Each structure stands twice: as structure tokens, then as C-alpha cells.
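Protein chains in written order, with this note's numbering: chain A, 1 to 319; chain B, 320 to 722; chain C, 723 to 1056; chain D, 1057 to 1462.
Even for Gly, the Cβ is constructed at its ideal location relative to N, Cα and C.
Because the structure is a prediction, the values reported are computed rather than measured.
Some notes on the structure that comes next.
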Amino acid sequence: MSETTPASSDNAQIGRRSAGLPPAAPMNSAAPVNSAVSVLADVDPHLAEAVAPDREIAVEVGENLVEVKNLTVKFGGLLALDDVSFTIKRGEILGLIGPNGAGKTTCFNAMTGVYKPTSGDVLLEGKSLKGQKQHNITRLGLARTFQNIRLFGEMTALENVVVGLDARHKTSVIGALLRLPRHQREEKSAIERGMALLEFVGIADKAGILSRQLPYGDQRRLEIARALATDPKVLCLDEPAAGFNPAEKEELMVLIRKIRADGYTVLLIEHDMKLVMGVTDRIVVLEFGRKLADAAPVDVRNDPRVIAAYLGEPEDGTA
Amino acid sequence: MSMVDGPKVSAGAESARLGADASSVRTTAKGTRTQRLRDRWNDLTRPQQWLWLIVVVVLAYLLPVLNIPILTTAPGNDWPLACFSMASFALIAVGLNIVVGYAGLLDLGYVAFFAVGSYTSAMLTSPDSPFLHIPYLWTIPVAMAVAMFFGVVLGIPTLRLRGDYLAIVTLGFGEIVRILATIIPAMKGQVGFQNVGRPPGVAADGIPIFANSNGTPWYWLTLTVILIVLLLVGNLERSRVGRAWVAIREDEDAAEIMGVPTFKYKVWAFAIGAAVGGLSGSLFAGQVGFVNNQKFDVQSSILFLAAVVLGGAGNKVGAVLGGALVAYIPLRFTAIADYKYLIFGIALVVIMIFRSKGLLPARQRLLAYGHQAYRRIVGKSDPLSQPPGALPPSVDPGAAVTR
Amino acid sequence: MLELLLRPAMENDWISFDVPSLIQNFWSATFDGLTFGAIYGLVALGYTLVYGVLNLINFAHSEVFITGCYAVVLVLSSLGFGPSAPTMSVGLIILSLILALVAAMIVSAIVAYLLERVAYRPLRRRNAPRLVFLITAIGASFTIQYTIYLVRGANPEPAITMFRTSPIFDVFGTLITDQQILIVVAAVITMIATDQFIRRSRTGRGIRAVAQDPDTATLMGVNRDRIIVITFVVGGIVAGVGALFYVMLVPSGVQYSGGFVLGVKAFAAAVLGGIGNVRGALLGGLLLGVIGNYGQILLGNSQWTDVVAFVILVLVLLVKPTGILGTSLGRSKA
Amino acid sequence: MLRKKIVTSIAVGAAAVLLMTACAAQSGGTATAGPAAKVDLPVLASFDPPKGAVLPAGDGKATCPAGLTLGYVGAQTGANAQLGINIINGVQLAVDQHNKANAGCQISLKKFDTEGDPGKATGPVTQAVNEADIVGIVGLPFSGESKATGNIFEQKGLVHITPSATNPGLTTNGWKTFFRGLGNDATQGPAAANLLTGKLKAKKVYVVQDDSDYGIGLGTATTKALGSAVSGSDKVITAQKDFSATISKIMSNKPDAVFYAGYYAEGAPFDQQLVNKGFKGAFVGPDGAKDDQFIKLAGDASENTYFSCPCIPGELIPSFKNAYSAAFKADPGTYSIEGYDAATVLLSGIDAGKTTRADLLAWVTSYDKDGLSKHYKWSATGELQAPTVFGYKVSKGKILPIGVIG
């Protein structure tokens, strides 16, 4: 997939909004191969600018952007999530890990409105997401990708991304029917921003290809671009490395760092410990629906409880 | 059968990957013929495309006058009226295509909206009706509005249901409208409404221009309506509305999670489809001049669906073609009248098994300015070098569908 | 405008309610409704089974049913039955009816089997989308209907009277006939048998496994295609049972297009009871039959049956989208 | 295998219940309603056509320009095909006889199919009126399609004689080109009432009508003519299969006769179910029910059935019956002779030199002659001045005429 990365040697500053970020989070021992001064070094500054988040966020960098409070989910008699609390701070990459069935995806689904929590709450910028429709949660700023890819197969890559962009559009049905000025304005800007996003994830040259015809890796990247298109305050990635080989995983880590460096906050669910350790600033560990640990990667790695939970499970199950 | 329609855990990412690859191989191997046609169309310059379109539209307008010997239905049926019949089926198919083709909602009771349109026009113009009478042309927007209202009323409860329940509920709704027309005395059952109104104008010989025997003006009226509808539907298709519909069709849950208010857009699809159905019903009532409960049966709904599927669900030009064909075949080959439904039944099965995308497979253009964007990818290496706003505004005629 | 709308209404041109008639005929409407409902239930079973296993509305199931009815009519008319009550001995009548029942079960099962093989399996092989299945089902339904139309003509088949019905006992002043008892009892027996078959037998376990999780079931060595075929065939056999009793109840009801509306109502019954649920099918059928009958009497026209049935269906689905009993085939408790 | 067990157990269970019920069935039928004694009406053996009736052959000396054409517009396919074929054959027979006798005047016949559907009728009708060589039409058979298309004939001044559409409203549209070749429902109603209360001596008549234009019109006309003899009424619906609700009302009403205004498709099963529930009275239907299909569908139950029909028993006219049977290998059906007579009216006009539409229209307007079945002279609105209505009864599986009833 390396051919898709634009070869620009321009080592300029990163985007406006990302300038205020804290220095890149401490990298632990499993640091990525291409450790650079800035992860955005090889990104065109205009591109970074075009992709960067485009709206005000009520909390400052480093403050709590999302608060998960005593979240509990029951399916019938099954307690899938038991009183889980954690926070996501603006500007960080938070990892959410746990053995199979630990409740990672359930937690995710409860946050994004797919499941109704039995009790507890999720706050975004201090405001509760309780009772919000799924599409509204996305508009409020919580975007996600899917563990099993769920693109709109009969749409081109660009169209997929524009669907995400539509979340921020305001054209009415009548406006679209009669091609009123706002519609024209939004359509034009959507093309620009959509192409920029595709460029950012490295598949701009495939903008016109039907998404179901894209190679697997590009489909994963497209999902990320589509989620970014909704202009999220928090980008939630659900096992984005599933089915990737080690080289692809490295590239994915670069992409995730790039995304953060551009001003996004990222929640990463991942099975692959190496990837999680390599890219996150902080890790929340779930087991049997409970929170087991919440600490920096190094500490999590050395936490005996975590080790116990993962005992017998290979760290890199899919490779 | 999971009770919660959330994202499902796949059997394994690896298999998903294999599936994705396999399907891409399969699809690229197929459909080369239509692809070539499409490519050729795309290679044309804008003025060339326009020229071709004008030729096609002019030919379409001349259709009832030309009366081409091979095509004509003449020995059995009046050709201009057959043309009208084709046009009105085409219009219905365009409307149903919004619901089935774009949004992927299987509506098996579409004839109900057609009936609502017909009855609205009839009851507001026929001397047999005790209602207020208004000029026929005014009943067309009223019929659309009433049909749209019914679409919303039906849509709001049923569109919350799971996908395939919708099929059965709409089927029931279609039957209910027909039954109500039969058993509510005010709807006059089989007795029906005679002398439904028509657009004004009388020809030199004293016969109204829009007499029920005069197919050509009715055809021209309907064709004009089709062109306007195609243009407007094209506008919708290349907007967030069209994208929302196709996203819902492709993966409703994912669409919702990507910020598409799926319920709202489903209701819109239903309402707009219903309005077009009401419109065609109104035109049909005007042409025949007589409305009773006889022609609004389930079979008609199925024929409409067959038209959409035959043409290629999701492709509005395909819908026009499919609608015209479904109307044309029994009129041209009157001998098959007895076999009509058998032939359509077999055709549906065979098409679904061997060519499930129909005669003109769908490929929506969902971006108003996609043309330029895609061209840039081919032309230049850096798609962002062009400043925004440099894009020339384009007005796509609705008939130009292929990418 | 309002006055114009109301005027015809005041002239009783729209809808009128006949409450006294409903009260007077309440019990007979109930028993008639139960009898009809039992037949809906039998047909609904076929929809429910296929839906449970394949998540597919087998629209052509109504044609599976109607071919069974034709089998009954053809067998019985060739045995000398006709519009008038037969004059033959009791034993001979019973023998003939059993023969007709077996014929109907075989014919319906064969049609169901062919449907699966010719129409649906090729689609499954290609992983076709839902819509494609549904449209194929509709196409298949039309094909069968109009094949019958070409072979047997547009007219209904001459009536078949199997035996002269007579009242057995009196409930709340309403006579209940032997025929009504027979139909309801037979429907319940069939339903229990099917339920037991799915719960207890090896094949039944296979059906439940495929319904729950086709992929896992395949991995566990269940032959999915075989299970699907069996599901269709079982649905066909039960439809054949329904066919015999339908002809018994509505002797002149056998017409090429006759299955369609009944099929739609049976499907509604399946959904009402909870699609995929064997017991729900019978429950939904009985409910639909009874409520439809009340509506018919209250509103004074037999066609209201269908209207009322659909309104009830929509209302139930809005309140409880999974139907009354709710559970799916896969989860039906063993 | 368990499945086998289940199937057997169902069969055994079913058999047991059947046995129980069949025993009960044998023990006693229930005859509740007590109608009047059955009246045995004599069958009409032959029907003498009017002396000097106009026949298609004419005098054999007619000459006319080549290419003149008559048209038939109506059902050829679809659910109502049989009625259309009866008429087409009658028309065809008339044209053939005419052409055979008149070497100097060869008329051709063009057929246009409407499937009997008002929505589909405008196409074929327009095609027919636009064919310049067509000077006269036999059609359209049904009232609905006639309603939808009458104005088209009017616009083009093309005369058309319907052989079977009986809705009274058709002659109230001011159409000058519409002629009805038989009595309408308004004349059939009193005739049916006469059959019921006169010939069948019924004191209490229960009137049931379907939801068609035809059934409603006829039901209303008959109810009016019956007056106080009507003891009750009910409605059924096209395509209804189960009539138990109506039947229980009838059984508690205990009428001497039931009049059913509708078609055989519902009438036959209705009669069958009625008789099976123990009804012993007479069942009277109109022309729409008079069809051999009625007997086929109702079986022995139909032995209580009578029909009123403005149609004339063509099969009793030997010359017509023989010629028809020779040509089409079948007996004349309902409305065959009406089609034949209507064509004859038009053919005789052509023979008289009326070879334009205007001339032929004038010819029919002032026509005043006997046809094979009855006298043809129309009022200004296109109604027959002296229509006849025949009574028929079912006897031993055959529909036999019992003479004029109105």
C-alpha cells in the first residue's frame, strides 16, 4: 500500500489546530519503525489543513472529552458490561483492550447508541448522550468504524466519504430537489474535503472505484476516512487491524498517529497487543464486563492482573 | 435473526477479506458490455452528450407520430394510446424505482398510490361525484399531495419495521385501498366515476384535444412530465438525499451510524415515490376518463415491480425502459394476453437468477460534481492543486444517467 | 371542504358500525373465526418454518398451498365427489379423504421442493441480496398461479362436498358443527406434531441449528442444503393438510388465484404470532380468524376481514415488532 | 423416523375425527327452511322466429365497394373470454352467411380485444374508430367498458350495437351512436319479479346482489318490481367464496325463493352452499349467471335454479343452431344470437347501399324490422322499444327455456 502515500518531502509544520497539541505521547518500547520528528512530516500541509477537525470543541486539550460513567449493559440475564467508568481526554489515543468477550464491542456499541445501556451514562463534552438517536450521536461528534467492514458497496470510495460528510450538511430535500445555492455550495466543498480525506488515508487515486471492488486494506482505510468525514470529536476504531499482516499493521499505526497529530481524539479497540502498545497513550482493560485497569501502556503491560487475564492468549492472535 | 439489529460479529475478518476480494474479481469480469457503453458515453464532451440527448428526446416526442411499422401495435391497439400507456407505466416505474431501486424498500402495494391519484382526480372532476369540482389540471397537484399524504401515513408506522415486514404490510395496504374502493359506498365500487375531467382545449373538429381517444397529446403531456420528474429525481440522486437512500439500501445500520437519519429519508423516499404514483394515477384517470375499482389489484403492483426490476432497479433510465416494455409487450403481442402474467412470472425468476441487476444495471451518480472530481484523478496526480470554486457548475439532464 | 367531506359520511356512505349484529352473532363469529383461523395457522406454519431457517418470506408458499387444494379437488372429484353431499358409505368417505390428504401433502411437498431447487438455491449459491429473493419468490408465485390458470382455466373448480355437516353441540346458543371441531382439532394435532418434530427429532435439531446460526451449523456437520429442503418439504406437507380442510370448509374456494389472499393473511398470522415460532403460527392464525370475523360482522361486509386483519397486524408490529410469542425458530425451547 | 410417525399419527387422528363426524353426518340432515311446493314449469320445446325475419344473406344481389369492414370490440382473452367468443362466433356466422350469398358484396370482420377491462378498452376502441374502412361495430359486451368508451364512438360517428351490455345508465349519456341489442336491467328486473312471484308463486323473496354495476342495478330494479314480496336482502362481493354469513340470514328468514343479482362465478357456489345448508326453495339468477359453468360449479344443487335473461334461446331456432354448430363445433352460447342479429342489422344496411358511417348510423337509427330473435326498433336514446325477456330453468344438468317472462 506504500504506493498510495504521496511522496512529499515538504517537512513543514503540521496543521493549525494540531499545533496546540501536547508533544507526542511517550512511545514505549514497542515503538513503530518509522519514528520521525513529527508523524505528519510526510503529509502535505494543505492536506493536513483540509482534513483537520473543523469545529469548536468545548473542552480544552487534555481535558475530559468523553466520560463513561458506571455503564452497565444487560442482555436478558447476561451482564455484558458491569459498571464500567473511564474517560477519554481530548487529543489522546485511548486503547480499549480485553480478552474475547470482555465487553469491548458492547461498550463501544453502548457508547455509539447501538445498544441502550441498562444503567449508567456516556457524556460527550459534559452532555449526556442518553436517548439520542444513533445518527445524532454521530453528528454530536462520536464517529466509528466497524470491526467487520461495512462500507456502502455500490458506492465509489468518494461517495462513501461524502455520505460521512453529509452528517454535517444542512441541505433540505427541497433544496436538493431544486439545486438551491446551499446545496451547490455543500456539494462543491464535499468533493474537496472528500478528496482530501481520501488523500489523507492514502487512497485518493481510487476515489472513483466502487468500494466493494477495493482491496481489503483500502476498504479499512476508506472506513476510517468515512468516519473522519463526519468531523468527529472522538474517532472510535473497532479492531481496525483485523485481518492485517504485520506490514499493514505498521502502516495503520502510522495512519492512526497521523490522525491524532491532525487534531483528532482516538478511541482504539484492538485485539493486537503490539499495535495497541505501540500507538496508544493510555489503555483501559476490560475483563468479563468489568474494568480491570486504566493506565499507560507500560504500566498495563506490567500489571499482573492483565497478564493473568491474557494468560494463555498469544499477544498477537491474528498475525 | 438476532433481535437487536446491531453490528454483527462476522465469522472472521479473514473470511470477510476473502469475500471482498472474490466479489471484486467477479464483478470486474462481468458487465463489460454495459461498461463499454458507459465509457463511450463518458468520453463524449458535454455538448456532444447534450446533442445526443436532444436527438433522443426529439425521437421520443415523435414516437406516436412516426408509427414505425415494426413497432406499432396498430392492428389491435391504437398506437398513440399505446405510447401513452407505455409512458404512464414508465412514469410509475420511475416513481417506484425511488422506493425500491434507490432506498431498497420493497413496496408491493405501489398500486395503492396510483389508485389514490386516480380516485382523487376522478372524485374532484367527475359529475358522478358529490364532491367539490375543480379543473382537471388542478387535480394533478392535489392527487400528488393526497398520495404523498397516504405515503407518509403508511410510512411512519411501517418504515420502523424490519425490512421484509414492509413488503407484507405494503402488500396489505395495496389490497386495503382496493377493498375500500369496493366496499365504501362513496367510492362507488365497480360503478365507478364516469367523465373524469381533462385538460382544456378543443380541436377544430369540436373534439377535445385531450379526448380519451386522442393518445398523442396525452402522450406528450406524460412524456413532458416524465422528463421533468427525471430531472428532479436526478437532482435528488446527486445529492445527500440520493446518497442517503443508497446508503440505506446498502447497509441501513451503517448508514444510521454514519449520521444518516435513516427513518426520515425512508419516509421521504416513500412520500416522493407515492407522489409520483399519484401523479401517474391522475394522468391515467384523465386519459381513460373512467375510474372504478377494477384495475388496482395486486397483479398491477407486481407488474410495476417487474418493470423496475426488468429495467434495472436503481437506474431511472432503466425504469423508464422497463416500464415502457412491460406496457408494450402485451399491447404489441395481443395474442399473449392470456400468458402475460405467466411470462412476467417466469421472466422475474429468470432475470433474478441470471441477471439480477436488470437490463440496465444501476450505477447511480451520487455526487453533483462528481464528474470533475473523477476526471481530475485520471488527469492529474495532485487532486488538491485546483482551488475550490474553480469547478464549473454543471446542470445534468436527468436522462443522462450513466457514468 | 370539510362539509363536503362530511356530507357523504353523514349519509352513511363511508363506514357504518353494526354493534347489535356483532353482539347477536358474537359466538358464531368466534367459532367460525377459529375454524378459519386454524387453516390460516396451518398455512402460516410453512411461512414461519422457511422464514425461521432462511429469513425469507416465501411468497410462493400460497401456491404450494393452492396446488395442494387442486390435488384434493382432483382426487375427490375423480372418486365421485361433487357439489352435492356424497352418497357413499362412511368408510369409503374416510378412505377417500385420507387419499386426498396424502395426495395434497405429496403434491404440496413436491411443489415446495421444486421451488427451493429451481428458484431459491441458485440465488443462495450466489449470496444474492434479500430483495432478489423476494422478487424471485413473487415471480415463482406468478408462474405457478398462471400455469394453473392455463391448465385449469379462470373459473373456480366445482365445489366438493365431503360430507354433510351437522351440529354436534350447542355453546351459548350457537351450534358447533362436526366440521368445525374436526378442522380445529386437526390443526392443533398437526401443529403439535410439527412442534415435536422440530424439538425432538434429529432433523428438527438440524433445522433449529441452521435457524440459529447457519455457518456454525455447517461447521458442526449439518448439511445446510438438505435441512433447507426438508424445511420446505415439511412446510409443504403441512400446507397439504391445510388444503384438505380448506376445501372442506370452503368447497368452491379452489381457483388459480385463490391462494394468494389466503397466503397473505396466513403470513400476517405468522408475523402476528411471532414469525419463526411454530406455536405462534397457530395462535396468530386463530387470532386473525376471530378478529377478522368480528370486523366483518361489525362493519357489515366480508371484505372487511382483510382490512381488519392488516390493521391488527400493523398495530401489533408497532407495539411488539417480534409478534406476540416473539421467539424465533432457533430459540424455541426444547 | 419420527417424521413418518408424525404423519401417520396425523392421518390416524384425522381419520378418527372423520369417522366420528361422518357417523354424525349420516344420522340426520337438517332441513330447516320450509319453502313453497316446487312448481314444475314446462320447458319450451321450440321457438319460432318471426316470419320474414331479416337474415344476413339478404336477397343475394347486394353489391358494395370492396374493403368494407365490420368490427367486433370486446373481450377475446382474459377471465371473460367465453362470453366474447359466443358473440364473435355469432357475428362471424352472420358475416360468413352474408358473404357466401352475396358475391358482389364481401364484408370483412376485424376483432379488437379489450379483455373486458375498462382501463384497457380505450386503445382498441380508438384503433377501431380510426380505421376508415370500418363502418359499424358490434360491441362492447360489458357495461363498464362501454361507459369508458361510448364517447369515442360518438366523436367519430361510428354506430355500435352492444349485444350484451345491460346497464340502464348507458343510454343516458346522450350518445347518438349507441344502440342496445337487448333489454336492459330495468326491463329484466320486472321480468325476473314476474318469474318469481308469477310463475314460481313465491310469496317471500330474499334478494342478494353483488357489488358490480350490473348486480346493483339489477338488484335495485328487481327489488322495486317485487315490492312487498321482498322479505330480506343482503350483499356479496365479487370473488367471494364463502357465503355462510348470508346463508344463515336466509335460513332464519325462510323465504320461498332467493333472487341473486350477479354472475355465475359467485352465484353458483352461493347456490351450492345454500342448498347444502338445507335450503329447499327456488334460486333465481339473471343473464350474468346463466351459463353452463353455473351447473358445472354448483352441481346437483343447481336443479333448483331459474334464470331470467333478455337473451333469446338461439338453440331453439334450428336453422341458427345447425349453422352455428356446423361452423364452430359447439352449440350457440349466451348472446350468440344477439351478436348474430346485431351484425345482421348492420349487414342489411350495407346491402341497402349505406356504406358510409353516417349513412349506416342513420340506417340503424330508423331501423324497424324483425330479427331472428326479436323485433329491432330503437328509441331515440338507443334502447330497444320492445325487448323480450326469457325465463330458463335448470333441468338434469341443462339450461332449458321456459318461455317469455317479460
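Residues of the stretch 485-515 of chain B with a Cβ closer than 8 Å to any Cβ of chain C, in chain order: A486, I487, V488, L490, G491, F492, E494, I495, I498, L499, T501, I502, I503, P504, A505. Beta-carbon to beta-carbon, I528(B) and A406(B) are separated by about 17 Å, too far to satisfy the 8 Å threshold. The residues I93, L94, G95, L268, P297, in chain order, have a CB closer than 7 Å to that of T280(A) in the same chain once the five nearest residues on each side in sequence are set aside. Note that the C-beta distance between V1261(D) and P1311(D) is below 8 Å.
Classified as exposed, K1042(C) has fewer than 16 neighbouring CB atoms from the shown chains inside 10 Å of its CB. Judged by DSSP in its simplified three-state form, A1204(D) adopts helix. Beta bridge pairing from DSSP links S1289(D) with V1263(D). The continuous alpha helix (DSSP H) containing Y647(B) extends over residues 635-651. Under the 8 Å criterion on CB atoms, R886(C) is classed as non-interfacial with respect to chain B. Per the DSSP secondary-structure output, I1272(D) pairs with nothing in a beta bridge. Residues of chain D whose Cβ lies closer than 7 Å to the Cβ of T653(B) are, in chain order, D1169. Approximately 13 Å separates the beta-carbon atoms of G596(B) and A464(B); this is outside 8 Å, ruling out the contact. Its chain contains V122 as the residues whose beta carbon lies nearer than 6 Å to that of M111(A), once the 5 sequence neighbours on both sides are disregarded; these appear in chain order.
Within chain C, the residues P805, N877, P878, E879, P880, A881, S974 have their CB atoms less than 9 Å from the CB of L1353(D), given in chain order. Rounded to the nearest angstrom, the Cβ distance from G958(C) to S830(C) is 4 Å, consistent with a contact under 8 Å. Under the criterion of beta carbons closer than 8 Å, K291(A) and V284(A) qualify as touching, at roughly 6 Å. For D1387(D), not one C-beta of chain B is nearer than 8 Å to its own C-beta. For G1459(D), the secondary structure class from DSSP, reduced to helix, strand or coil, is strand. For I567(B), the closest of G633(B), M671(B), A654(B) by C-alpha to C-alpha distance is G633(B). The beta-bridge partner set that DSSP reports for C1120(D) is empty. P580(B) reaches chain A at H135, counting residues in chain order whose Cβ is nearer than 7 Å.
Separation of Y978(C) and L798(C) (C-alpha to C-alpha, rounded to the nearest whole angstrom) is 18 Å. For A1204(D), a Cβ of chain B is located within less than 8 Å of the residue's own Cβ. Spanning the alpha carbons of V741(C) and L1010(C) requires a straight line of approximately 19 Å. In its chain, beyond the 5 residues on either side, L1126, V1215, L1402, L1416 have a beta carbon closer than 6 Å to the beta carbon of G1192(D). DSSP places K1352(D) within a helical segment (H, G or I) once states are collapsed to three. Linking L994(C) to A760(C) through their CA atoms gives a straight-line distance of about 14 Å.
Going by beta carbons, A1338(D) and N1360(D) fall inside the 8 Å limit.
N136(A) and Y688(B) have their C-alpha atoms roughly 27 Å apart. Nearest CB-CB separation between V565(B) and chain A: below the 8 Å threshold. Using a CB distance below 8 Å, the part of the stretch 744-760 of chain C facing chain D consists of S750, D754, ordered along the chain. Three or more Cβ pairs closer than 8 Å define a contact, and the stretch 785-795 of chain C meets that threshold against the stretch 876-895 of chain C. With a threshold of 8 Å between beta carbons, M273(A) makes no contact with chain B. Against Q1349(D), the close residues of chain C are N877, in the order they occur along the chain (beta-carbon pairs closer than 8 Å).
Checking the DSSP bridge columns, you'll see N64(A) partnered with K89(A).
Its chain contains G996 as the residues whose beta carbon lies nearer than 7 Å to that of T1044(C), once the 5 sequence neighbours on both sides are disregarded; these appear in chain order.
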